[in-house]
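Going by the working numbering, the first residue of the sequence shown is number 415, and it counts up by one from there. Ideal Cβ positions, reconstructed from N, Cα and C, are used throughout, including at glycine. Please read the structure below before turning to the comments.
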Amino acid sequence: MDVLLYALFCLLLPLWVFGGLYLAVEAAEMAKEHYTKVKTKRE
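So this is what it looks like as structure tokens:
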């Protein structure tokens, strides 16, 4: 394996992981907000 490619992969992997975690948290927050809005509307 090319050393440069390996270094690039090692740099990008954490970014992808953190990006995925960030998106998951954002989606959870949005879903929670939507759920609370629906809940308050029903009462």
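Return the CA-CA distance between residue i and residue j, expressed in angstroms with no decimal places.
| i | j | result |
| --- | --- | --- |
| E447 | L429 | 27 angstroms |
| G433 | F423 | 15 angstroms |
| L426 | K455 | 43 angstroms |
| Y436 | Y449 | 20 angstroms |
| Y420 | A438 | 27 angstroms |
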